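Per the numbering used here, the very first residue in the sequence shown carries number 77; after that it's consecutive. What follows is a short report on a single structure.
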Amino acid sequence: MDLSELERDNTGRCRLNSPVPAVCRKAPCALGVDEAGRGPVLGPMVYAICYCPLSRLTDLEALKVADSKTLSESERDRLFAKMEEDGDFVGWALDVLSPNLISTSMLGRVKYNLNSMSHDTAAGLVQYALDQGVKVAQVFVDTVGLPETYQKRLQQCFPDIEVTVTAKADALYPVVSAASICAKVARDQVVKNWQFVEKLQDLDIDYGSGYPNDPKTKAWLRKHVEPIFGFPQFVRFSWRTAQSILEKEAEVVTWEDSPTEEDQVGHGKITSYFNEGHRTRPRLPHRYFQERSLESATTL
């Protein structure tokens, strides 16, 4: 798996894929969708699809693919290598979403939550397979959120495809198990080879599991928080764990356009503008005028 493009720029997202087997452009295929790294406060989230002809599902199952969480790292690597060897009937594609992309999306002016991000990424990968000429007949997805809602959404996007969304799909359907292995192998490699653009001094790469409840991960976050600039881009700063550490360890920042107490008192609720006749206190001028000692002139 060539991750060089992501290593050059790990601030956004990166799509990787195998060659499309010729048979997958001719025969109806099953396609599985799964992710790795949804919960950690460190590193990217990786979505993966894996597909093969319906007639070869027994061959895929014969590889002994299983839910990646039940396999050791060496077992996952071995199975992924085996799928690569069997590239004449198995294909895959990945979408790697960086911690920076996840956090800026979640904290943007227009909020883009993790569930919506996950749903859109999964749908995007299915569409990508179709655009590459894969004859997708069935899609199996490990659910995020309510399976009924997720399935309805995907079915609307792909009305000509049979869609199944369920919990534990990575343990029920071999094609989803294969996707989970692809996603986990990719995430492990990305995390292991992460390029810290911040040039941190005394960088400690022993950060534990990366999950918010891991004491080693929390200790790593406290060690590597910068009082002014916060965390390196390896950290999902939108996670509550990271925000709590920022509140305790970092400096308080007051932004130029942050409302002051006077602003809030002076402007009040929007509904107050429709009740001018009942105003009990004068409205203060905007802070811009107060800071510059400017007043409205009634006479010249």
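Where a beta carbon is used, it is the ideal one built from N, C-alpha and C, also for glycine. In this text, all values refer to a predicted model and were calculated from it rather than measured experimentally.
DSSP-derived helix/strand/coil call for residue i
i	result
Val96	coil
Met77	coil
Ile257	helix
Phe165	coil
Asp171	strand
Pro129	strand
Asp196	helix
Glu238	strand
Arg154	helix
Tyr123	strand
Ala262	helix
Val215	strand
Val301	coil
Leu206	helix
Val186	coil
Val273	coil
Leu118	strand
Val252	helix
Arg312	coil
Arg101	helix
Arg84	helix
Member of the options whose CA lies at the smallest distance from the CA of residue i
i	options	result
Ala97	Met193, Gly163, Leu155 and Ile125	Reading off the sequence, residue 97 comes out as Pro, not Ala. Measuring from the Cα of Pro97, the nearest candidate turns out to be Gly163.
Lys268	Val251, Arg89, Glu149 and Lys324	Glu149
Val329	Val99, Asp135 and Ile304	Ile304
Asn189	Val166, Gly209, Gly221 and Tyr204	Gly221
Glu327	Thr317, Gly306, Trp315 and Ser314	Gly306
Leu79	Val266, His300, Lys294 and Leu360	Val266
Pro223	Tyr249, Gln208, Leu206 and His195	His195
Lys140	Ala247, Pro361 and Arg316	Ala247
Ala142	Thr134, Leu155, Ala169 and Asp290	Leu155
Pro104	Ala205, Val217 and Arg363	Ala205
Glu161	Met77, Gln203 and Gly108	Met77
Val252	Thr134, Val217, Ala243 and Lys275	Val217
Leu107	Ala245, Glu83, Thr225 and Thr146	Ala245
Gly209	Val241, Lys102, Ala243 and Glu371	Lys102
Asn86	Val166, Glu274 and Lys187	Glu274
Asp207	Arg368, Gln319, Cys100 and Glu323	Cys100
Range of the contiguous alpha helix (DSSP H) that encloses residue i
i	result
Pro223	Pro223 to Cys233
Ile178	Pro175 to Leu183
Leu68	This structure cannot speak to residue 68, because the chain is shown only from 77 to 376.
Glu367	Arg363 to Glu367
Thr330	Thr330 -> no alpha helix (DSSP H), and no H or E assigned at all.
Asp246	Ala245 to Leu248
Contacting residues, own chain, Cβ-Cβ under 7 angstroms from residue i (five flanking each side not counted)
i	result
Gly200	Asp171
Arg152	Ser144, Ile257, Lys260 and Val261
Trp315	Val117 and Pro288
Leu82	Cys90, Val172 and Val266
Contact set for residue i: own chain, Cβ-Cβ below 6 angstroms, skip 5 residues either direction
i	result
Ala259	Asp110, Glu111, Ala112, Val122 and Ala124
Arg263	Ala112, Gly113 and Val122
Leu297	Ile321
Leu177	Gly88 and Arg89
Val239	Val215, Gln227, Leu230 and Gln231
Glu137	Pro250
Arg312	Val117, Pro175, Ile178 and Ser179
Cutoff 8 angstroms; reference residue i; Cβ partners in own chain excluding five residues on either side
i	result
Lys24	The question about residue 24 has no answer, for the chain in this structure spans 77 to 376.
Phe310	Leu118, Gly119, Pro175, Trp270 and Phe272
Leu173	Arg89, Pro120, Met121, Val122, Tyr123, Met193 and Thr197
Leu67	A query on residue 67 cannot be resolved here, the shown segment of the chain reaching from 77 to 376 and no further.
Trp168	Asn93, Ser94, Ala124, Ile125, Cys126, Tyr127, Met159, Ala254, Ala255 and Cys258
Residue i at chain D interface by Cβ criterion, 8 angstroms
i	result
Pro175	No chain D is present in this structure, which holds just one protein chain.
Span of the beta strand (DSSP E) around residue i
i	result
Ala44	Not covered by the structure: residue 44. The range shown for the chain is 77 to 376.
Touching by the beta-carbon criterion (3+ pairs, under 8 angstroms), the segment 201 to 214 and the segment 181 to 190: no
Touch test, the segment 126 to 146 against the segment 227 to 242, Cβ-Cβ under 8 angstroms, three pairs minimum: no
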